[in-house]
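Have a look at the structure below, then the notes.
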Amino acid sequence: MNDTSEAQPRDVIFLSHAMPEDTEFAAWLGMQLANVGYRVWSEATQLIGGERFWADIEDAFDTVIGKTVVVVSGVTRNKNGVLDEIERAAATAERLGVEHSDFIVPVAVAPLKRSDMPILNRAGFVGGSNS
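Residues 1 to 131, numbered by full-length UniProt numbering, are exactly what the sequence shown covers, in order.
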């Protein structure tokens, strides 16, 4: 059977971060990305409260997310939500046949050691600052 429908472009950046500790930086980063033309999906900019977050995020990972930016700070490794989002991003990368390091981009908001976030050890960190 030949499917003539076009797949949605994977042109959305998912922005993962610790709530509430890294929300301010994530909101700033999301705005910077949006201002230069990227489509961004982030809790910091899109959730008001009471939404079915995981149903929405699962659908987005299945259809439109093409890259995941993870804001990494000293609290990240203790935040189950962020760790779940990283795992979901890794699963999506594998399903798409993409290297994790090409799909998940960690952005450190403070100087960190690789041991601070072992799940991202294989990816290169990008330093971030909203100053």
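C-beta: ideal position from N, C-alpha, C; glycine also.
C-alpha gap between residue i and residue j, whole angstroms
i   : j   : result
I48 : W28 : Any reading at I48 is ruled out, since the residue's pLDDT is 48, under 50, leaving its predicted position unreliable.
E99 : V70 : 16 Å
S16 : A7  : 24 Å
Boundaries of the alpha helix (DSSP H) in which residue i is found, first to last residue
i   : result
R95 : N80 to L96
T68 : Not the alpha helix (DSSP H): T68 falls in the beta strand (DSSP E), residues I65 to V72.
CB contact flag (residue i, residue j, <9 Å)
i   : j    : result
A91 : F61  : yes
V72 : V40  : no
G66 : V107 : no
R88 : E58  : yes
F25 : T68  : no
A44 : T76  : no
Backbone secondary structure at residue i - three-state DSSP
i    : result
G30  : helix
A110 : coil
R10  : coil
S101 : helix
S115 : helix
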